[in-house]
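> Got a structure for you, written out below as C-alpha cells; questions coming shortly.
There are 2 protein chains.
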Amino acid sequence: MNENTFEQHYDVQTEDRSALLGQRGCVVWFSGLSGAGKSTLANALENYLLSQKRLSFVLDGDNVRRGLCADLDFSQEGRVENLRRVAQVAKLFADAGTVCISAFISPLIASRQLARSIIGEDRFMEIYVSTSLAVCEQRDTKGLYKKARAGEVKNFTGISSPFEAPLNPDIAVDTEQTSVAEAVTQIASLLESRSIFDV
Amino acid sequence: MNENTFEQHYDVQTEDRSALLGQRGCVVWFSGLSGAGKSTLANALENYLLSQKRLSFVLDGDNVRRGLCADLDFSQEGRVENLRRVAQVAKLFADAGTVCISAFISPLIASRQLARSIIGEDRFMEIYVSTSLAVCEQRDTKGLYKKARAGEVKNFTGISSPFEAPLNPDIAVDTEQTSVAEAVTQIASLLESRSIFDV
Chain A
1 MNENTFEQHY DVQTEDRSAL LGQRGCVVWF SGLSGAGKST LANALENYLL SQKRLSFVLD
61 GDNVRRGLCA DLDFSQEGRV ENLRRVAQVA KLFADAGTVC ISAFISPLIA SRQLARSIIG
121 EDRFMEIYVS TSLAVCEQRD TKGLYKKARA GEVKNFTGIS SPFEAPLNPD IAVDTEQTSV
181 AEAVTQIASL LESRSIFDV
Chain B
200 MNENTFEQHY DVQTEDRSAL LGQRGCVVWF SGLSGAGKST LANALENYLL SQKRLSFVLD
260 GDNVRRGLCA DLDFSQEGRV ENLRRVAQVA KLFADAGTVC ISAFISPLIA SRQLARSIIG
320 EDRFMEIYVS TSLAVCEQRD TKGLYKKARA GEVKNFTGIS SPFEAPLNPD IAVDTEQTSV
380 AEAVTQIASL LESRSIFDV
C-alpha cells in the first residue's frame with residue numbers, strides 16, 4: 001500500500017465525457033505486417049471520423065516509440081512491453097471518450113488478448129490488415145524487408161520474427177483486394193453496430 | 200532504425216481536434232505532499248470544466264499506478280520513471296485536445312522540468328498545492344503519515360523522501376488558506392489567460 005494507490009472518488013465519469021462528446025470511447029486495434037496498410041487505414045479512418053465531427057486519436061510508432069516507450073528496444077520482450085503500455089494508454093483514451101486507433105504490427109495473439117482484456121471486450125475492435133507477406137515485401141515502402149532479408153534488421157516480423165494472425169478479428173482487410181475507402185466504410189459500420197455513436 | 204520508427208504522415212492534426220472541441224489541449228500539473236488536496240482540486244476542476252462543456256481527463260495513481268505503471272515500485276527510480284510516463288501520456292492527451300490534469304506528488308524539480316519540456320512550455324501549467332507538512336500530517340486522511348513515522352511505509356514524501364517545492368509555479372494553493380472553489384476560479388483564470396478556450 002502506498003500514497004498513490006488509494007482509490008480516489010471522481011465525480012466526472014466516463015459516461016459524462018461520452019454525453020459531452022456524443023460518442024462512447026472505444027479502441028480500434030489494427031494488426032498486420034509492416035507495409036500491410038495499417039497507418040494508411042488509420043489515417044483514412046481518422047479523416048472520416050473528423051468529417052463526422054468525431055474525436056479520435058492514433059497511437060502508433062511515431063508518437064509512442066519516441067516518447068512513452070523510448071526506453072524499450074525491439075526485442076520480443078521490448079515489443080510485448082510496448083504493446084502492454086499501448087493497451088493501457090488506449091484504455092485511458094477510451095475512458096476519456098475518444099475513438100482511439102492503435103496502429104502497431106502487434107504480432108502476438110497474447111498481446112492482442114491482453115489489450116482486449118485491459119480495454120474491455122465491449123469497446124475493443126480488432127481489425128486484421130491481412131495483406132500477404134509477399135505483397136508487403138514487394139511493396140517494401142520503407143526498404144526494410146530488403147534489409148531484413150540481408151540480416152541488417154533483426155526481429156523483423158514475417159522474416160525473422162513470427163506473426164500470429166488473428167483467428168477471429170472483427171474485420172479482416174486485405175489491402176490488395178479492398179480499397180481504403182471500402183475498408184473505412186466497413187469499420188464505420190462496425191463502430192455503428194457497436195453503438196459507439198448512440199449516446 | 201526499425202519498422203516502428205518511421206515518420207508517418209497523418210492528415211488530422213492537433214489543430215483539427217482543437218477546432219472540433221473548441222479548446223486547445225493542455226496539461227494542468229498538480230504537485231504537493233500526500234494529503235495536500237491535489238485530488239480534491241483535480242476533482243473540483245474537472246467538475247467545473249464539465250459544467251463549461253470542456254473535455255478533461257485526470258491522470259492519477261488510481262488509473263496509472265494500477266495499469267500503465269503497475270510494473271514500477273515506489274523507489275526513487277520507480278517514481279521518476281512513473282512521472283516520465285505520466286508526462287508522455289499527458290502530452291498525448293494534450294495532442295488529442297483534452298485538458299489533461301495530472302495529480303501526483305511529483306516531488307522532484309527534475310521530473311516536473313522534464314514534464315514541462317515533453318509537453319511544451321506553452322501548454323504546461325504548474326499548480327503547487329502548498330499545504331504544509333504539519334497540516335497534511337495532521338489531516339492524515341489515509342493514515343499513511345502515521346505509518347511512515349512508524350517506518351511501516353518507505354520513501355514517504357516529506358518524511359523519508361524529499362519534496363522539492365516548485366520555485367516558480369503558475370499558481371500556489373495552500374488549501375488551509377484558500378477554499379477549493381477559490382482555487383478552481385484561479386485555475387480557470389489561468390486557463391483563460393493561456394487562451395486555452397480561444398479557438
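Residue numbers (our numbering), protein chains in the order written: chain A, 1 to 199; chain B, 200 to 398.
Cβ coordinates follow ideal geometry from the N, Cα and C atoms, glycine included.
#1: Using only the alpha-carbon positions, how far apart do ILE105 (chain A) and LEU133 (chain A) sit?
#2: Only counting the same chain, and skipping five residues up and downstream in sequence, which positions put a Cβ closer than 6 Å to that of LYS38 (chain A)?
#3: With respect to the alpha helix (DSSP H) encompassing VAL12 (chain A), which residues constitute its N-terminal and C-terminal limits?
#4: Under 7 Å between beta-carbons, which chain A residues line up against ASN367 (chain B)? List them in chain order, please.
#5: I think SER255 (chain B) touches VAL298 (chain B), with their Cβ atoms under 8 Å apart; what is that distance to the nearest whole Å?
#6: Between the Cα of VAL153 (chain A) and those of A:PHE197, A:LEU49 and A:PHE74, spot the shortest distance and give me the residue it belongs to.
#7: Just curious, the alpha helix (DSSP H) that PHE93 (chain A) is in, first and last residue?
#8: For ILE109 (chain A), count neighbouring C-beta atoms within 10 Å of its own C-beta (all shown protein chains included) and say buried if the count is 16 or more, exposed if not.
#9: Taking Cβ-Cβ distances shorter than 7 Å, what residues in chain A pair up with TYR209 (chain B)?
#10: Any contact between the segment 182 to 196 of chain A and the segment 41 to 52 of chain A? By contact I mean 3 or more CB pairs, one from each, below 8 Å.
#11: Which residues in the same chain have their Cβ closer than 6 Å to the Cβ of GLY22 (chain A), if we skip the five residues on either side of it in sequence?
#12: Beta-carbon of ALA96 (chain A) versus every beta-carbon of chain B: anything under 7 Å?
#13: In the DSSP assignment, find the beta strand (DSSP E) that holds ILE105 (chain A) and state where it starts and stops.
#14: At 8 Å on the CB atoms, spell out the chain B contacts of LEU72 (chain A), in chain order.
#15: From which residue to which residue does the beta strand (DSSP E) around GLU26 (chain A) run?
#16: Taking C-beta pairs closer than 8 Å, name the residues in chain B that VAL89 (chain A) reaches, listed in chain order.
#17: If you pair each beta-carbon of the segment 131 to 145 of chain A with each one of the segment 74 to 87 of chain A, do three or more pairs fall below 8 Å?
#18: What residue from B:LYS345, B:GLY296 and B:LYS341 has the CA that sits closest to ARG322 (chain B)'s CA?
#19: Give the interface partners of LEU21 (chain A) over in chain B, defined as CB-CB distance under 9 Å, in chain order.
Once the coordinates are examined:
#1: 13 Å
#2: PHE30, GLY32, ALA103 and VAL129
#3: VAL12 (chain A) -> no alpha helix (DSSP H), and no H or E assigned at all.
#4: Contact annotation for ASN367 (chain B) against chain A: no contact, minimum CB-CB distance about 25 Å [criterion: below 7 Å].
#5: 4 Å
#6: With distances taken between Cα atoms, VAL153 (chain A) lies closest to A:PHE74.
#7: 76 to 95
#8: exposed
#9: Those are ASN43, GLU46 and VAL58, listed as they occur along chain A.
#10: yes
#11: VAL199
#12: yes
#13: Counting along the chain, ILE105 (chain A) falls outside any beta strand (DSSP E), and DSSP gives it neither H nor E.
#14: Correct list: empty, because the minimum Cβ distance to chain B is about 10 Å.
#15: First, the amino acid is wrong: residue 26 (chain A) is Cys here, not Glu. From DSSP, the beta strand (DSSP E) with CYS26 (chain A) extends over 26 to 31.
#16: LEU267, VAL288 and LEU291
#17: no
#18: B:GLY296
#19: LEU220 and LEU254
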